[in-house]
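Chemist: With the numbering used here as the guide, the letters of the sequence shown map in order to residues 5 to 199.
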Amino acid sequence: MSGVRAGSVKRRTGETEISVSLKLDGEGRYLVDTGLPFFDHMLHLFCKHASYDLELTAHGDLQVDGHHTVEDAGICLGLALKDALGDKQGINRYGHAFVPMDEALALVAVDLSGRGFLAFDAGLPAQQLGTFETELVQEFFRALALSGQLTLHIRLLAGVNTHHIIEAIFKGLARAMKDATAYVGGGIPSTKGTL
């Protein structure tokens, strides 16, 4: 591995303005402000448990709702991840994690395949946590998977409390991504020679 594995993205649309800076081999440091406190909290957990350093600022049309901000944050984080991984030479490629959070238990599996796909099998009992609409969790992961070109499976195995469920999923993603992006040496982990 040569150099720092980092990526950055700035994206501006008619609905949002987002800036992301991501360092894969970090210390779990974060500076995140999306205007959605619960979402910020989940991104903090993600960074801490993946040991990624992340700076993410988002200004969106929150007077409408959080959809554009959350989706576009997922798009930008996926693009920054793709940038940080480069040609994916020497990465582990796969990662998975079973993560409990009190009564909730989530399984998250990832393949840095170069093909964006999301399988999301996690019912969220509450529709709202504070100002955050919980249906946006799936939108975030879909945007992340498609823009980052990763295959992502999320399955809820147990859970009643929506906050616990979402937290288990974000921590599961962090642990799975930490394993998948780990540098293990060697070539590109594919018989095709490319990911």
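Even for Gly, the Cβ is constructed at its ideal location relative to N, Cα and C.
Leaving aside the five residues before and after lysine 52 along the sequence, list all residues of the same chain whose C-beta is less than 8 Å from its C-beta, in chain order.
Modeler: On the sequence shown, residue 52 is found 48 positions in, with the first residue counted as 1. Closer than 8 Å at the Cβ level, and outside the excluded window around lysine 52, lie Gly32, Tyr34, Ala178.
Chemist: Please confirm whether alanine 101 and phenylalanine 121 have their CB atoms less than 8 Å apart.
Modeler: As a position in the sequence shown, residue 101 is number 97, starting the count at 1. As a position in the sequence shown, residue 121 is number 117, starting the count at 1. Against a cut-off of 8 Å, the Cβ pair of phenylalanine 121 and alanine 101 comes out as no contact.
Chemist: Is the beta carbon of lysine 175 closer than 8 Å to that of valine 103?
Modeler: Counting from 1 along the sequence shown, the entry for residue 103 is found at position 99. Counting from 1 along the sequence shown, the entry for residue 175 is found at position 171. The answer is yes: Cβ separation under 8 Å.
Chemist: If you draw a straight line from the alpha carbon of isoleucine 170 to that of valine 141, how long is it in whole angstroms?
Modeler: Reading the sequence shown from its first residue, position 166 is the one you call residue 170. Reading the sequence shown from its first residue, position 137 is the one you call residue 141. Distance between the alpha carbons of isoleucine 170 and valine 141: 8 Å.
Chemist: Looking at C-beta atoms only, is the number of pairs between the stretch 113 to 129 and the stretch 150 to 158 that lie closer than 8 Å three or more?
Modeler: Verdict: yes, contact present.
Chemist: Unbroken beta strand (DSSP E) runs of length 3 or more, entirely within the stretch 34 to 88: which are they?
Modeler: Listed in chain order, they are 34 to 37, 57 to 64.
Chemist: Mind pulling the beta strand (DSSP E) runs of 3 or more residues that sit fully within the stretch 84 to 122?
Modeler: The stretch 84 to 122 contains these whole beta strand (DSSP E) runs: 98 to 105, 108 to 115.
Chemist: Report the CB separation of leucine 26 from leucine 47 in whole angstroms; it is logged as a contact under 8 Å.
Modeler: Taking the first residue of the sequence shown as position 1, residue 26 is located at position 22. Taking the first residue of the sequence shown as position 1, residue 47 is located at position 43. At roughly 11 Å, the Cβ-Cβ gap does not stay under 8 Å, so leucine 26 and leucine 47 are not in contact.
Chemist: Which stretch, first to last residue, makes up the alpha helix (DSSP H) that contains isoleucine 170?
Modeler: For this step, residue 170 is matched to residue 166 along the sequence shown. Looking at the DSSP string, the run of the alpha helix (DSSP H) that includes isoleucine 170 is 166 to 184.
Chemist: On a CA-only basis, which of Thr135, Phe144, Leu109 is nearest glycine 163? Give me that one, please.
Modeler: In the sequence shown, residue 163 corresponds to position 159, counting from 1. With distances taken between Cα atoms, glycine 163 lies closest to Leu109.
Chemist: Hey, threonine 17 and leucine 40 are a contact pair by Cβ (cut 8 Å); roughly how many whole angstroms apart?
Modeler: By 1-based counting over the sequence shown, the position of residue 17 is 13. By 1-based counting over the sequence shown, the position of residue 40 is 36. That pair is no contact at about 17 Å.
Chemist: What are the start and end residues of each continuous alpha helix (DSSP H) run of 4 or more residues lying completely inside the stretch 133 to 162, in chain order?
Modeler: The qualifying runs are 140 to 152.
Chemist: Mapping the DSSP letters down to three states, classify lysine 196 as helix, strand or coil.
Modeler: In the sequence shown, counting from the first residue as 1, residue 196 sits at position 192. Coil at lysine 196, not helix or strand.
Chemist: Which residues share a DSSP beta bridge with valine 13?
Modeler: Counted from its first residue, the sequence shown places residue 13 at position 9. Partner(s): Val24.
Chemist: Residues in its own chain within less than 6 Å of glycine 152 by CB, not counting five upstream and five downstream?
Modeler: Along the sequence shown, one-based indexing puts residue 152 at 148. Same-chain partners within the cutoff: Gly82, Leu85, Lys86.
Chemist: With distances taken Cα to Cα, identify the nearest neighbour of aspartate 69 among Gln132, Leu28, Ala126.
Modeler: Sequence index remark: in the sequence shown, residue 69 carries index 65 (1-based). It is Gln132 whose Cα lies nearest to the Cα of aspartate 69.
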